[in-house]
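Novice: Residue numbers (this note's numbering): 6 to 206. We put the beta carbon where it would ideally sit given N, CA and C, even for glycine.
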Amino acid sequence: MSVNKFPVESLRDRKRRQTRERIIETAFALFMERGFDVVTVDEIAQRAEIGRTTFFRYFGDKQEVVFSTEDDFLRALTAAMRDAPAEPLRDLAQALTTSRLLLLAICTEAARDPGHHAVYHRLVTQHPELEDRHTRKTRHYADLLEKHLIDHGTPPATAVLAAQLTLACYQTAWRLGGHDATAVLREANDAFDLLLDATAA
Numbered sequence: 006m007s008v009n010k011f012p013v014e015s016l017r018d019r020k021r022r023q024t025r026e027r028i029i030e031t032a033f034a035l036f037m038e039r040g041f042d043v044v045t046v047d048e049i050a051q052r053a054e055i056g057r058t059t060f061f062r063y064f065g066d067k068q069e070v071v072f073s074t075e076d077d078f079l080r081a082l083t084a085a086m087r088d089a090p091a092e093p094l095r096d097l098a099q100a101l102t103t104s105r106l107l108l109l110a111i112c113t114e115a116a117r118d119p120g121h122h123a124v125y126h127r128l129v130t131q132h133p134e135l136e137d138r139h140t141r142k143t144r145h146y147a148d149l150l151e152k153h154l155i156d157h158g159t160p161p162a163t164a165v166l167a168a169q170l171t172l173a174c175y176q177t178a179w180r181l182g183g184h185d186a187t188a189v190l191r192e193a194n195d196a197f198d199l200l201l202d203a204t205a206a
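1) Sorted by chain position, which residues of the same chain lie with C-beta nearer than 7 Å to R127's C-beta, five sequence neighbours on each side aside?
2) Mapping the DSSP letters down to three states, classify L94 as helix, strand or coil.
3) In angstroms with no decimal places, state the Cα-to-Cα distance between K67 and V46.
4) Rounding to the nearest angstrom, what Cα-Cα distance links F78 and H132 in this structure?
5) Look up A205 in the DSSP assignment and say whether it is helix, strand or coil.
6) Measuring CB atoms only, is the region 169-177 touching the region 93-107, in the sense that at least three cross pairs come out at less than 8 Å?
7) Using the Cα positions of A196 and A164, report the straight-line distance between them to the nearest angstrom.
8) Between which residues of its own chain and N194 is the CB-CB distance below 7 Å, once the five residues before and five after are set aside?
9) Y125: which of R21, E192, L35 and L199 sits nearest, CA to CA?
10) Just to confirm the assignment: which complete alpha helix (DSSP H) runs, minimum length 4, are found wholly within the region 90-141?
11) Relative to the C-alpha of A98, which candidate in G120, L154 and P119 has its C-alpha closest?
12) Which residue comes first and which comes last in the alpha helix (DSSP H) that contains E48?
13) Take every Cβ of the region 23-33, pair it with every Cβ of the region 58-67, and state whether three or more of those distances are shorter than 8 Å.
14) Suppose contacts are defined by Cβ-Cβ distances below 9 Å. Is T91 in contact with H157 by that definition?
15) Pick helix, strand or coil for F36, following the three-state DSSP scheme.
16) What are the start and end residues of the alpha helix (DSSP H) that includes F61?
17) Flag this pair as yes or no: are the beta carbons of V189 and H122 separated by less than 9 Å?
18) By alpha-carbon positions, which one of Q23, A100 and D76 ends up nearest to E151?
19) Quick one, which of Y146, D137 and D88 has its alpha-carbon nearest I111's?
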């Protein structure tokens, strides 16, 4: 007899998830139509056919909607860290090999919804306040990577260097891949190829 490993989603949880997804989809559509700056929470709520109070049960403001997938990326990164090889990572080459796996996990998560990524990229690159938050978010990922490496035996100086080099690979992929999430994943992989070739020389 097979046992379901995943908990069955309750009716309440399903309705909450669907409401949240509707808010995000509606907000992104409005941002594309009219621009992030001019769209109001009231407009998002009205088009999503919810009350203003309901909107604030899910998001603190419209900027939080833009970064609604942040938890998904953190879950992807955490899962990749859990599944990464457990052997000690004592030198830069070993640290970078693991770092590559973790970065590609994040990029793969973005590629799961290319349409969402395309709008997200456009919003972030057009609005300095969103770009600032995006930058802080990616630095947080680098900090988590650094801690992971240190926890797995990487000397602190090497862990910091590996994390910052990984951040540079992501920033390269973000600029070259642009709004195309699949291209970002490909460019991140290519950036690591160049980096590992250089460190092996």
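Specialist: Quick answer:
1) The answer, listed in chain order, is H184.
2) coil
3) 6 Å
4) 21 Å
5) helix
6) yes
7) 19 Å
8) L109
9) L35
10) 97-116 and 119-131
11) That would be L154, whose Cα lies nearest to the Cα of A98.
12) V46 to A53
13) yes
14) One detail in the question is off: residue 91 reads as Ala in this sequence, not Thr. For A91 and H157, yes; Cβs fall inside 9 Å.
15) helix
16) R57 to Y63
17) yes
18) The residue from Q23, A100 and D76 with its alpha-carbon nearest to that of E151 is A100.
19) Y146
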